[in-house]
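Dropping the structure here:
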């Protein structure tokens, strides 16, 4: 009986080892991305960390290639859609936080304008009127200027106003926006409801 238990234990151990090796090798055959050690970061490389080993072996840097930035028109369209939905959706009860969240997406000049919008909104909200507006983007049309550093966008939206939790009206509205490229990023430099 003891001999039989030993044989069963050995067989089970071998089966577990074979299963582990099978799963490990199967994961390697899928071609999963494995960081490769490099001695210097190339163009577009991001330092993802370093390995330090004892025994006199130096650091080995791991580099992961960053994805290329989207084309300018796509970047402007994405920024316009994000900005329009947040800029057009606000409530007094929410303390206009949707608009304050837009500060990092705006140029310094337009940020000051947004701060004035929030201040006026908060001052008028003290009357106790519970009003909320939500905005949904329907379509975005962006145009990049020939200089490549300025752009404009026309954003078609559908807006809904609610007073005391009841929707009072739904209407289409267009937002016209201006953008300026600062470094590698686009920033909103103006937005006007038509």
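Numbering (the numbering used here), first residue to last: 44 to 237.
No residue lacks a Cβ here, since even glycine has one placed at the ideal position from N, Cα and C.
The structure displayed is predicted, hence computed values, not measured ones.
Close-in-space but distant-in-sequence residues of the same chain around residue i (CB under 6 Å, 5 per side omitted)
i           : result
residue 221 : 195, 232, 233
residue 178 : 128, 131, 132, 200, 202
residue 120 : 183, 185
residue 65  : none
residue 159 : none
Close-in-space but distant-in-sequence residues of the same chain around residue i (CB under 7 Å, 5 per side omitted)
i           : result
residue 214 : 202
residue 197 : 184, 217, 219
residue 180 : 124, 127, 128, 198, 200
residue 236 : 216, 218
residue 167 : none
DSSP bridge partner residues for residue i (one or two, in chain order)
i           : result
residue 230 : 223
residue 218 : 198, 236
residue 210 : 205
Residue i to residue j span [Cα, whole Å]
i           : j           : result
residue 84  : residue 193 : Residue confidence is low: residue 84 scores 45 on pLDDT, short of 50, so the model does not pin down where it sits. No coordinate-derived value is stated.
residue 116 : residue 206 : 37 Å
residue 242 : residue 162 : As displayed, the chain neither begins before 44 nor continues past 237, which places residue 242 out of reach and without an answer.
residue 150 : residue 210 : 34 Å
residue 190 : residue 223 : 11 Å
residue 229 : residue 135 : 29 Å
residue 225 : residue 173 : 38 Å
residue 46  : residue 63  : 26 Å
residue 67  : residue 54  : 20 Å
residue 155 : residue 118 : 23 Å
residue 227 : residue 188 : 16 Å
residue 57  : residue 69  : 18 Å
residue 165 : residue 157 : 12 Å
residue 212 : residue 204 : 6 Å
residue 59  : residue 52  : 11 Å
residue 50  : residue 61  : 16 Å
Own chain residues within Cβ distance below 8 Å of residue i, not counting five before or after
i           : result
residue 48  : none
residue 137 : 175
CB-CB length for residue i against residue j, believed under 8 Å
i           : j           : result
residue 142 : residue 153 : Actually they are not in contact, since the Cβ atoms of residue 142 and residue 153 sit about 12 Å apart, beyond 8 Å.
residue 186 : residue 133 : About 27 Å separates the two Cβ atoms, so there is no contact after all.
residue 148 : residue 122 : 7 Å
Would you list, in sequence order, the uninterrupted alpha helix (DSSP H) runs of no fewer than 4 residues that lie entirely inside the segment 134-205? 140-143, 151-167
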